[in-house]
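In the working numbering, the protein residues as written are 85 to 345.
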């Protein structure tokens, strides 16, 4: 049993929860943690000077992406919903081990989809200039800007998540937790901070420092992997080693281990 049972359908919660989690979690980084500059990967001065889009435009872009996500998510739930289950009935849920296996499979599908779409967005000059470059206007990533993407890229990313939902065979209820965690992990990757008490970046090597390398000029053709693992970068030879060092003036820096030609 879950707290929304009897009030909201699992399908509706699968659309609503990730959006709420996004603004609560990203807002926590944006509004509550600013004093913790000693954990930032870039200084506030760098964030103000290097980023090429104002904050209000980023917020508008994120809202557009979430509208697209909600529309596509509704379509996937509609297409996969059981015709034998009425709104009053609850779909039988699989065992916990089965749900964990489905979640891991969905993570692997999302990673494969996003790696190859993301990499192609960089390799195709037209797509990079017209589509993916919008995300890279945030040279210094921050939490609220996690989903700041061109609408075309937003659609592609959301479809990839929908494909993972279908191929894994998870129920809409399992999807609520999977998509919510997906949001938390993605925000962590873009938050620009390494917090010692946050266990998510410690469990996943693909974290804020890893993705920060990709946003650097010399690392832009490396570290494409998102959102969970770095498997495809390692398999395809696009992994860029780095070390996290203390930055002069406070905070951290993700420094490339070797020079990129």
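Cβ atoms here follow ideal geometry from the backbone N, Cα and C, with glycine treated the same way.
Inset, instruction - Could you check which residue in 317, 178, 197 has the C-alpha nearest to that of residue 244? - result: 197
Legend entry - Identity of the residue in 289, 228, 232, 314 nearest residue 192 by Cα: 314
Legend entry - Rounded Cβ spacing between residue 309 and residue 195 (contact assumed at less than 8 Å): 7 Å
Legend entry - Inter-stretch contact at 8 Å, needing at least 3 Cβ pairs: the stretch 286-304 / the stretch 181-192: no
Legend entry - Cα-Cα separation, residue 318 to residue 119: 36 Å
Legend entry - In DSSP terms, what residue 347 is bridged to: Residue 347 lies beyond the residue range present for the chain, which begins at 85 and ends at 345; the question has no answer from this structure.
Inset, instruction - Following the continuous alpha helix (DSSP H) through residue 130, name the residue where it begins and the one where it ends. - result: 128-134
Legend entry - Alpha carbon of residue 178 to alpha carbon of residue 189, nearest angstrom: 15 Å
Legend entry - Proximity of residue 312 and residue 291 at Cβ, strictly below 8 Å: no
Inset, instruction - Give the single residue among 237, 247, 135 whose Cα lies nearest to the Cα of residue 263. - result: 247
Legend entry - Cβ-Cβ distance between residue 205 and residue 199 below 8 Å: no
Inset, instruction - Examine the Cβ distances between the stretch 221-235 and the stretch 145-153 and report whether three or more of them are shorter than 8 Å. - result: yes
Legend entry - Beta bridge counterpart(s) of residue 257 as assigned by DSSP: According to DSSP, which records beta bridges pairwise, residue 257 is partnered with nothing at all.
Inset, instruction - Between the Cα of residue 187 and those of 249, 162, 106, spot the shortest distance and give me the residue it belongs to. - result: 249
Legend entry - Residue span of the alpha helix (DSSP H) that contains residue 317, given as start and end: 315-320
Legend entry - Short Cβ contact (8 Å threshold) for residue 134 with residue 224: yes
Legend entry - Whole-angstrom distance between residue 301 and residue 226, CA atom to CA atom: 17 Å
Legend entry - Environment of residue 207 [buried if 16+ CB atoms lie within 10 Å]: exposed
Legend entry - C-alpha gap between residue 241 and residue 102, whole angstroms: 14 Å
Inset, instruction - Identify which residue in 129, 127, 255 has its Cα closest to the Cα of residue 95. - result: 255
Inset, instruction - Identify every run of the beta strand (DSSP E) within the stretch 193-255, keeping only runs that are complete inside it and at least 3 residues long; order them along the chain. - result: none
Inset, instruction - Would you mind working out which of 130, 105, 112 sits nearest residue 337, comparing C-alpha positions? - result: 130
Inset, instruction - Just mark residue 257 as buried or exposed, buried being the case when its beta carbon has 16 or more other beta carbons within 10 Å. - result: buried
Legend entry - C-beta contact flag for residue 228 and residue 146 at 8 Å: yes
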